[in-house]
Amino acid sequence: MDAKFLIRLDDACPTMHKENWNKIEFILDKYGVRPIVAVIPNNLDRKQCISEFNPDFWEIVKRWKSKGWEIALHGYDHCYVTTNGGLVPKNRKSEFAGLPLDVQEEKIKKGIDVFRKHELEPVVWVAPSHTFDENTLIALKKHTSISIISDGIAVFPYQDFGFLWLPQQFSSFQNIIPFGIWTICLHPSTMNLKDFQILERGLKKHCKSVISINQIKGSHSRKKLIDKIFNLLYWNFKGIIR
4 MDAKFLIRLD DACPTMHKEN WNKIEFILDK YGVRPIVAVI PNNLDRKQCI
54 SEFNPDFWEI VKRWKSKGWE IALHGYDHCY VTTNGGLVPK NRKSEFAGLP
104 LDVQEEKIKK GIDVFRKHEL EPVVWVAPSH TFDENTLIAL KKHTSISIIS
154 DGIAVFPYQD FGFLWLPQQF SSFQNIIPFG IWTICLHPST MNLKDFQILE
204 RGLKKHCKSV ISINQIKGSH SRKKLIDKIF NLLYWNFKGI IR
């Protein structure tokens, strides 16, 4: 199997950088890319307050969905309250990891209620800063229809904790990878001109290898040996891998 790529866009919310998100939508439409979009249900993170509040935000989300974009639940308010790295400790800040189950359940219920208010039923979870723990997964299983976790370090999708995990490894296209499924995570609100140029160069070269979640077919087992080896290498060379 040749290498395939998923594109993920993080931090969509009513105060996202309007021009940047319009720009990335234009680019992805140009190449026929249907990304995962991580939507913050109730953003309270000041760093995400870039453009003026857009009262039509949820209509934009519905437009994305109508184009085949995968709308994912991205936490609840995007505010970090612990320094716990959780199951995927890429960062030491979390909205969820380390909190009691009942607190996490309340956050998940509030987040999913916002989505359902706008007639959206997500099946994908994206944790702010990648940080969440087993309690998060218990809450997701109990209160949502989510069956896919966009996170983890591996070469191929795998099953764990009763969810399908789609590994998220890079922030740009990599030219030396002959196989595997690789999720490229972008933060459109903070992208600059150079970032957009890098993205478009990558899409020109790899657009035929970019897939959507719906194209990931077949059954998936737990992590294979190659996934465990890559996981070990990733954490040992984390500062190099981008």
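Numbering of the sequence shown is given in my numbering, commencing with residue 4 and proceeding in unit increments. No residue lacks a Cβ here, since even glycine has one placed at the ideal position from N, Cα and C.
Which residues DSSP lists as bridging PHE11, in chain order: At residue 11 the sequence reads Arg, which differs from the Phe that was named. ARG11 is bridged to ILE39, CYS188.
Contacting residues, own chain, Cβ-Cβ under 7 Å from SER54 (five flanking each side not counted): THR18, MET19, HIS20, LYS21
When ASN178, PRO181, ASP154 are compared against GLN171, the one with the closest alpha-carbon: ASP154
Cβ contact check for the stretch 156 to 175 and the stretch 214 to 231: 3 or more pairs under 8 Å: yes
Cβ pair ASP14, SER192 closer than 8 Å: yes
Pick from LEU167, ASN138, VAL36, MET194 that is closest to VAL106, judged by C-alpha positions: ASN138
Cβ-Cβ distance between ARG11 and PRO38 below 8 Å: yes
DSSP state of GLU22 mapped onto helix, strand, coil: helix
Opening and closing residue of the alpha helix (DSSP H) in which TRP168 lies: Not the alpha helix (DSSP H): TRP168 falls in the beta strand (DSSP E), residues 166 to 169.
Host alpha helix (DSSP H) of GLU124 (start-end): Note, GLU124: premise wrong, no alpha helix (DSSP H); not H, not E.
Nearest to ILE180 (by Cα), restricted to the options PHE166, ALA157, ASP198, LEU196: ALA157
CB of ASP80 within 8 Å of CB of ASN45, strictly: yes
8 Å contact criterion, which TRP72 and VAL40 should meet: CB distance rounded: 5 Å
Cα-Cα separation, GLN51 to CYS16: 8 Å
Length of the line joining the Cα atoms of ILE115 and ARG49: 22 Å
When LEU169, PHE240, ILE111, PHE118 are compared against ILE219, the one with the closest alpha-carbon: LEU169
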